[in-house]
Structure formats: structure tokens, C-alpha cells
Amino acid sequence: MDTEVSALTFHLRTRREMSKVAARWEEAAVAVRLRDKAKSATLIFGNGDARDLDHAAELAEQSGVDGVMLGRAVFGNPWLFNREVKLSELSVAERLRVMLEHACVYEKLYGQSRRFVNMRKHFTSYVLGMPNASELRAKLTQADTAEQAYEAVKGSLADGFHDDCDFAAFRAEVVRSAPVHPNADNDYERIRRKAGELMAASASQDSHTVSPT
Ligand SMILES: Cc1cc2nc3c(=O)[nH]c(=O)nc-3n(C[C@H](O)[C@H](O)[C@H](O)COP(=O)(O)O)c2cc1C
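Numbering-wise (numbering that gives the first Met the number 0), the sequence shown opens with residue 0 and increments by one.
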């Protein structure tokens, strides 16, 4: 290739392994060594199992990568990238309020569709470690809308959420201020289609390269 790649992220596991085995951070160090040997300016990022910013910094230090991607660690903890906030120091009400904000933004982006099911795994992560987590989780996993999620947790919310009226106002404000592009949903469908095409193309290429003769 003639073009220098700006940045490469290594998932440090194979697609088939998903997240079932530990990420091989030693392979990130190999990539860094190869990059340095080739005197390339490509940035190398590593991804897999980083728990928080400090852990990510540690992994970067040990492997020599230029950056670290965090995935699952952000589930239920959108404060992950803010060093000034510790999840354990936040009140249950604040965490649930942000969970509902997330649900409202999600609805704004995707509409009240079946895809709301995808929000449920986030609910499970948001309530993790809360005193009444299992009760909240049981109710939240039935929710099909942000409003139903609110109904499920309203007993655990503090000031600002005393009745349905408050939720309607809250949702209206979130929807008004959320930076979601009006065509985002269309973009999402377009990207999904494109991703599907690319996956199909890569699968047929794979079958060419690995098929036994
Ligand atoms: C719900 C979910 C969806 C993911 N979707 C993709 C994907 O579409 N493409 C991809 O390359 N990796 C995907 N991944 C893998 C992540 O990008 C990441 O490599 C993986 O979660 C390991 O990083 P982590 O330990 O920080 O979560 C997904 C992971 C999760 C949990």
C-alpha cells in the first residue's frame, strides 16, 4: 500500500473469540515493535478488557500503544471518561436519572421501536451494584419505552421526579437539547446496509482464501 495509514486499532482477539478470552495485549506490543521497525507514523491503538482510564494508561505504558479504546467499561457508566467523577460516589438517583436521559436520547434517535430492546442491557449495567438492583432489573427488562423505564424506577428517584408530569418535562428537555441529527435514523439504516454489504463481501473473500483445494 502506498498510503500511510493514520491509525490502526487492534482488537487483540479474533472475531470468533468475541470477549470470551482475555485480550492479548502482548500482541499490541508486537504491532508497536513492527511499526517502529518500519519507521511508520501509524498510530497504534489497543482494545480489550480495559476497565477504566487508569487501567487503560497502564496497558498503554506496558505495551507502548498510542491509545486505548474502551468498550464494555462504559456500559452503565457514561462518566467513565471524567476523572472527577467516581461511579461509587454518585447517588442511585443520579445514576438512574442519567439512565433515563440515555433512554430518552435513544428513543429520539431510533423512535419507539422494537430496537428499544437494545436499551435493556444498558439498564442492567446501570443498576449493577445498586441496593435493590435485582428488583429494578426485573422491572426494567420489561420496559419497551423510556416512560416505562421511568415507571419502573420512579420509586428510587429523588427530587425532580415526583410525578408523571416531571418525566414528561424531563423527556421534552432531553429531546430538545440532545445533539441528534434529524436524519440520524436514516444514516443508521444506511450504515447498517453498507456494513452488511461489506461483511458479505469479506465473507465471500474469506471463503476464497480458506477453502480447501
Ligand atoms: C455490544 C457490543 C457490540 C460490539 N460490536 C462490535 C462491532 O460491530 N464491530 C467490532 O469490530 N467490534 C464490536 N464489538 C467489540 C468491541 O469493539 C471491543 O473490541 C470489545 O468489546 C472489547 O473491548 P472491551 O473489553 O473494552 O469491551 C462489540 C462489543 C460489544 C460489547
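Note that the Cβ used here is the ideal one computed from N, Cα and C, for glycine as well.
With at least 16 other beta carbons inside 10 angstroms of its own, residue 106 counts as buried. Between residue 102 and residue 167, the C-beta spacing is not below 7 angstroms. Residue 73: not part of any alpha helix (DSSP H); DSSP gives it neither H nor E. Taking non-hydrogen atoms of ligand 1 into account, the C-beta of residue 47 is found less than 6 angstroms away from one of them. If you compare the alpha carbons of 76, 34 and 43 with that of residue 51, the shortest gap goes to 76. Under the three-state reduction of DSSP output, residue 92 falls in the helix class. Judged by the Cβ position, residue 54 fails to qualify as a neighbour of ligand 1 at the 6 angstroms threshold, every heavy atom of the ligand being at least this far. Counting the other CB atoms within 10 Å of its CB gives residue 81 a total below 16, which places it among the exposed residues. For residue 6, the uninterrupted beta strand (DSSP E) segment begins and ends at 6-9. For residue 46, the enclosing beta strand (DSSP E) stretches over residues 42-46.
The beta carbons of residue 66 and residue 59 sit about 7 angstroms from each other, so the pair counts as a contact at 8 angstroms. Here the distance from the Cβ of residue 71 to the nearest heavy atom of ligand 1 is below 6 angstroms. Here the C-alpha atom of residue 9 lies approximately 28 angstroms from the C-alpha atom of residue 86. At least 7 angstroms separates the beta-carbon of residue 63 from that of residue 37. Using a 10 angstroms sphere on the CB of residue 21, the tally of other CB atoms stays under 16, which defines it as exposed. Every alpha helix (DSSP H) of 4 residues or more that sits fully in the stretch 95-164 is shown, in chain order, as 116-126, 132-139 and 145-152.
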